[in-house]
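Here's the structure we're looking at; comments come further down.
Number of protein chains: 4
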Amino acid sequence: MSRKVCVVVTARPSYSRIKTALQAIISHPNLELQLVVAASALLDRYGNTICFIERDGFEIAARVNMVLEGENLVTMAKTTGLGLLELATVFDNLQPDVVVTVADRYETMATAIAASYMNIPVAHVQGGEVTGSIDEKVRHAVTKLSNLHFVATPKAAERVIRMGEDPASVFVTGCPSIDLAAAIMERPFQDMDPFAKYGGVGPIVDLANGYLMVIQHPVTTEYAEAKNQVMETLYAMRDLGVPALWFWPNVDAGSDGTSKGIRTFRELEGAPNIHFFKNMWPEDFLCLVNNSKCIVGNSSVAIRECAFLGVPAVNIGIRQMGRERVNNVIDVDHDRSAIKDAICHHLANGRYLSNPIYGDGKAGQRIADLLAHAPLNIEKRLAY
Amino acid sequence: MSRKVCVVVTARPSYSRIKTALQAIISHPNLELQLVVAASALLDRYGNTICFIERDGFEIAARVNMVLEGENLVTMAKTTGLGLLELATVFDNLQPDVVVTVADRYETMATAIAASYMNIPVAHVQGGEVTGSIDEKVRHAVTKLSNLHFVATPKAAERVIRMGEDPASVFVTGCPSIDLAAAIMERPFQDMDPFAKYGGVGPIVDLANGYLMVIQHPVTTEYAEAKNQVMETLYAMRDLGVPALWFWPNVDAGSDGTSKGIRTFRELEGAPNIHFFKNMWPEDFLCLVNNSKCIVGNSSVAIRECAFLGVPAVNIGIRQMGRERVNNVIDVDHDRSAIKDAICHHLANGRYLSNPIYGDGKAGQRIADLLAHAPLNIEKRLAY
Amino acid sequence: MSRKVCVVVTARPSYSRIKTALQAIISHPNLELQLVVAASALLDRYGNTICFIERDGFEIAARVNMVLEGENLVTMAKTTGLGLLELATVFDNLQPDVVVTVADRYETMATAIAASYMNIPVAHVQGGEVTGSIDEKVRHAVTKLSNLHFVATPKAAERVIRMGEDPASVFVTGCPSIDLAAAIMERPFQDMDPFAKYGGVGPIVDLANGYLMVIQHPVTTEYAEAKNQVMETLYAMRDLGVPALWFWPNVDAGSDGTSKGIRTFRELEGAPNIHFFKNMWPEDFLCLVNNSKCIVGNSSVAIRECAFLGVPAVNIGIRQMGRERVNNVIDVDHDRSAIKDAICHHLANGRYLSNPIYGDGKAGQRIADLLAHAPLNIEKRLAY
Amino acid sequence: MSRKVCVVVTARPSYSRIKTALQAIISHPNLELQLVVAASALLDRYGNTICFIERDGFEIAARVNMVLEGENLVTMAKTTGLGLLELATVFDNLQPDVVVTVADRYETMATAIAASYMNIPVAHVQGGEVTGSIDEKVRHAVTKLSNLHFVATPKAAERVIRMGEDPASVFVTGCPSIDLAAAIMERPFQDMDPFAKYGGVGPIVDLANGYLMVIQHPVTTEYAEAKNQVMETLYAMRDLGVPALWFWPNVDAGSDGTSKGIRTFRELEGAPNIHFFKNMWPEDFLCLVNNSKCIVGNSSVAIRECAFLGVPAVNIGIRQMGRERVNNVIDVDHDRSAIKDAICHHLANGRYLSNPIYGDGKAGQRIADLLAHAPLNIEKRLAY
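Chains as they are written, first to last, in numbering that gives the first Met the number 0: chain A, 0 to 383; chain B, 0 to 383; chain C, 0 to 383; chain D, 0 to 383.
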């Protein structure tokens, strides 16, 4: 008997963190994939992730429009409520044997609640990590609603078990995003032209002599400061003058602060060395990361994928606080001089050795195998 | 500066478990109560809890209609989603300094998510316990979304801390429902006439020579069996022939199964020794419990309040599995002979000594004091 | 090319008013039926219409839980809002060529809005009539959102056209509920036993020597009076002492008032000559109507189907005010003596001649033919 | 006794069409204003209307976030459903004596339904007009849900009455937007600097020697063509080379098509003679309109306010089809040469005489007086 596996993807980064698992599920003889694309993954202004999903050849079982405009804390809660209303209908139609939810974005609560209330086992990818802001609460609450835990690191597994989950339900699979990074490393550097392929706005910068990557998200509990924070990074990049590729932030309370900061800066100050993109295939994005001199901002890519890739990283602010990291990361505040200093340090020193802390490149296959064979329960009790 | 404390009450049993805290909050010089009454607490067919709240003199800041008809697993999820949409608006209007959520019913997730996403500290009453069914997942997920934990027992405190909460945020207050029980015990038995005061349906049974109390809820993950389960208890009560007061179940997936079981039994079999009530003041209910020979069913009152009161209890099925209990409880399956045997055993042996495991009768005051003085944070991180 | 016709049924009476059209749509070579069952049609306490639909052999394309508990004016609005959220998803999945909405219940606004906003042509059955209460507003608002109008009477057609609809879009089909009545009349009276087949509550009354039928709905704009109003009818029926079959009201603000009136009366006064039913196959219901001495209450069946059947009717209160009627109807207030007098008058005089004012028994087939061949537009403009 | 008047404003143009009535309501001794600001009126990317409302000194009783991201036909329906859920709560809290809804945007259905279902009389401003697209259906459906009709023209009054409304409930007040226009005309032209006051993007164009105004909205039933349509207008403006002030479209399915068209054009083609604004005080906007040489696009301002102002207008496409117009309007297709020709014709001929077809400048006061004194009913019946 084949198991129906329903995976809910709600945002651009979630897709990168589950893509190789999706491929492995499709290829698995005992699994049937039901892919649900929801929330900002459907929206043009957050990178139109659904287009990439469709071009990658995945069939989409349901689309769920759920993001309320306004981008404040109230709409964040309401978006989740709306998602819960909608996903209950989706799961009722699809009748999956197990639902997979990815990471810790606020709207993933809707997936975990709808499935668990409907007596469908929940598999959670990427639990047990520690970071700042609301994600921290969401991640562990999802763990408590889940029945299977596919974690990235032994330390994460230990945390999930200490929170009272049955050790038999916790598996260190590594993170599927590292699978993409591993594939990139095996591939020779190709002369890709991101400007021709993806457009974007701003000048065509020269990538031949080294460039920086920037990706900076708003931090929800510091809503009002989002604009100031992104301005510091923008000044740092402009002052350094090194060619830079900047990726648009995801949908969050405050994203308008960040977006407005970027738009204001471009209009008033100009950013002659920065090109802005909305989205790319995860592989193309990682290819650019892998060939960059340094990645800057507060994305987890800098800490996770870049540990594996050995790409130097400057991590700004508290968003990644608590996340396990290796020696490729320098942490700084939202301060333009500190950001510049850290980048210069990395530019002088060069790449790091690959570190498999977040996975060895085979996470997707392991997750598919576990989804096919692990016992599926809905009842659980605190283990102590 | 006075703190605004928003308490959300969503059901009859939640009201009993927070009532003395509500009184203490109102009396506290540094606290302002914002009472929100929601979900089944507004509904006539689940006991019209709001009437009791109003007659107790509490002012209601907002009413939230959120229960979707249908009473199945899908509507349970949708009810929560709708509650999330509504409560976000309520909190946005009330701007509380802290939100209090009670226990572990499925719809309490809406309270915890709305508040935490809106950066309002969440205080959770009655975390750290262990039971069966979806409540178990909800309770611990709410713990992970909360910032203050007011638990009933030292063992519950230990569990909350082991789940990674900051020990400085966990307080053993006891359960406010024990406050009500304690007040009842101090009061001499009064000649109350529940039939005159509350009506109900079925014959007026003679309470003078001893009677039984019954309260049996459906168990959500065994939806289809709800009707059969309640029939076993009904046959047991009818066969024993002892006068019995039966309390209607709360709103849950399956409650129609339970309700239909009761209605069918009354119509076809007759229940000449059973009188059915929908709701009472918590104090009147406890007074009846305290003077009964034995409490039967799967309510937590049998395990919690009755530990304090020393009333013998027969606990049926898995609903209270894992909950700490003392020697007043006999556990049995949904089997009419086992239920009858256990009741007979209790009737022969009589009352037990009072045991303060779930509280010493001062929980409400402790909770109010903590709400007034405990540091209110929204950021937290796993403690390991 | 076959047209996909999506019909949304939201309540027991709507099903009777569309059933023969559903059958004709299924049989039509150029139509494909997409049947959506929603709102109170899904609910056990409003007659479990969905069971009858399934037993009639219709395949259900989607179920939409949307009724919020509480049964007041606020939940009526919210139920419609929730239905709109859900039906948009349903139509997006089904991609119908035309959506059919029936009559004038408040929740049909959700159907008409979702379809018209999504550029799907709307066909409205039973527009152009005039009655009391909120139905009046809903009916004509739905007309203004619709593109095809299948009305019951020439007078209704005239009204729809006078409201500015294109005469070419208005068709006098008759009402499909008359099709069911016509089929019943052709059938010889069979010795059906409604008690054995449908259960219900109350005594088994003797139908051999003539009986009355009662069906009384709450009137939404007189919410608080629902209980008193139904009590008048109950006293009238009890006093007359003639055997009576009483049908439970549909879901509306106030239905709890009506239900409570009935329950209170049974408990306190007793109703030895009344048997209560929740639902029946429309055909069985009509068969009982056809063989009754008189129909009492405020249902449109008394005015519409009974015009065709020639069954005497006593219409109570304002609910049917403005509806075209023929000589089988006596109108009275909510007053027990007036009700009794009118019934006695009818019992003395006997049946009336059949009057085809609401249809000739071929409405279903006409509607299917029009759905297959009428031009489907979404643009329209006021015709003056 | 003072009447509580709840006015719901959902968009930038609705505010202009009700502002003088709001002021007259506040000033009226027997009226109390409850102003609800909802939908795109709360959103930065649609002009942040709420800021203008607050700066005009109005107190806001409730804010309703309800716009779902995605901007397609499905989200349009869902936005309305969400608004219905929210507005029911708002009206339940505010308990108004009458609710005022403005014009015909899709989300105004939520206002009209919530109020009418809750037995609150609805006053509709600007019914009885005829235009294209979904607005046409919405406008007349709102009329059928409303109890008072404040229309702009005698022809509109005639249409509302012919649709079956009681003539005693229909009042030709004129449109409050003309009140603003009248005030502007009385004011001498002041040397306002819109660039300094409102920013916007694009070059600072010279207004001294005459300029054009452009405002073009997407047309919902031609969703996919929105981008192409706006490009034609952009090419026409660029080719003419006359300084132009362009105002961003409102929120609608397709607005992203329009927005993207504008952004693409600016990036690829450049628009050296066009400056883009998001929003202004209605008065400043009208002042600019009044002093322009010609207004271009598909806004109703060109047809309504400009009839009064005598400003020449080029109306493009079908959006205003059916709307009463006078000789200041030339209608053209989405064709760049036709647009250019019409503008040139107007530039050669100059201004027109003022025509009071849509009002004499005293609509706001009339509406307030009627809200204070007109009988408030909820029951109504088709007048034929």
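Ideal Cβ placement from N, Cα and C applies to all residues, glycine included.
The structure displayed is predicted, hence computed values, not measured ones.
Local conformation of residue i per DSSP, three classes
| i | result |
| --- | --- |
| residue 125 of chain A | coil |
| residue 279 of chain B | coil |
| residue 227 of chain D | helix |
| residue 378 of chain C | coil |
| residue 110 of chain C | helix |
| residue 27 of chain B | coil |
| residue 12 of chain B | helix |
| residue 367 of chain B | helix |
| residue 333 of chain D | coil |
| residue 90 of chain C | helix |
| residue 60 of chain D | strand |
| residue 32 of chain B | strand |
| residue 40 of chain B | helix |
| residue 18 of chain D | helix |
| residue 252 of chain A | Low per-residue confidence applies at residue 252 of chain A: pLDDT is 46, beneath 50, and the placement is therefore not dependable, though the value from the model is reported in the following sentence. In the structure shown, residue 252 of chain A sits in coil (DSSP, three-state: anything other than H, G, I, E or B). |
| residue 206 of chain B | coil |
Buried versus exposed, by CB contacts within 10 Å (16 or more), residue i
| i | result |
| --- | --- |
| residue 0 of chain C | exposed |
| residue 28 of chain B | exposed |
| residue 9 of chain A | buried |
| residue 116 of chain A | buried |
| residue 32 of chain C | buried |
| residue 370 of chain D | buried |
| residue 40 of chain C | buried |
| residue 349 of chain C | exposed |
| residue 203 of chain B | exposed |
Closer than 9 Å at the beta carbon, the chain B residues around residue i
| i | result |
| --- | --- |
| residue 84 of chain D | 81, 84, 85 |
Partner residues on chain D for residue i, Cβ-Cβ distance less than 7 Å
| i | result |
| --- | --- |
| residue 88 of chain B | 85, 88 |
| residue 69 of chain A | 41, 42, 64 |
Interface residues of chain C facing residue i [CB-CB closer than 7 Å]
| i | result |
| --- | --- |
| residue 73 of chain B | 64 |
| residue 117 of chain D | 72, 73, 76 |
| residue 323 of chain D | Here the premise fails: no neighbours, minimum Cβ distance about 12 Å. |
Per-residue contacts from residue i into chain D (C-beta, under 9 Å)
| i | result |
| --- | --- |
| residue 26 of chain C | Simply none; closest approach about 31 Å. |
Check whether residue i and residue j have beta carbons under 8 Å apart
| i | j | result |
| --- | --- | --- |
| residue 216 of chain A | residue 293 of chain A | no |
| residue 150 of chain D | residue 127 of chain D | yes |
| residue 175 of chain B | residue 373 of chain B | no |
| residue 146 of chain A | residue 121 of chain A | yes |
Backbone CA spacing between residue i and residue j [nearest angstrom]
| i | j | result |
| --- | --- | --- |
| residue 114 of chain B | residue 67 of chain D | 21 Å |
| residue 323 of chain A | residue 283 of chain A | 25 Å |
| residue 253 of chain C | residue 144 of chain C | Only weak support is given to the placement of residue 253 of chain C: the predicted model assigns it a pLDDT of 48, under 50, and the value that follows is read from those uncertain coordinates. If you take the alpha carbons of residue 253 of chain C and residue 144 of chain C, they lie about 28 Å apart. |
| residue 5 of chain D | residue 58 of chain D | 12 Å |
| residue 407 of chain C | residue 341 of chain C | One cannot answer for residue 407 of chain C here, as it falls past the ends of chain C, which runs 0 to 383. |
| residue 196 of chain A | residue 278 of chain A | 11 Å |
Chain B residues whose Cβ lies nearer than 8 Å to that of residue i
| i | result |
| --- | --- |
| residue 400 of chain A | Here chain A comprises residues numbered 0 to 383, so residue 400 of chain A is not present and cannot be evaluated. |
Proximity test, Cβ basis, 8 Å: residue i and chain F
| i | result |
| --- | --- |
| residue 129 of chain A | The structure shown has no chain F; the protein chains it does contain are A, B, C and D. |
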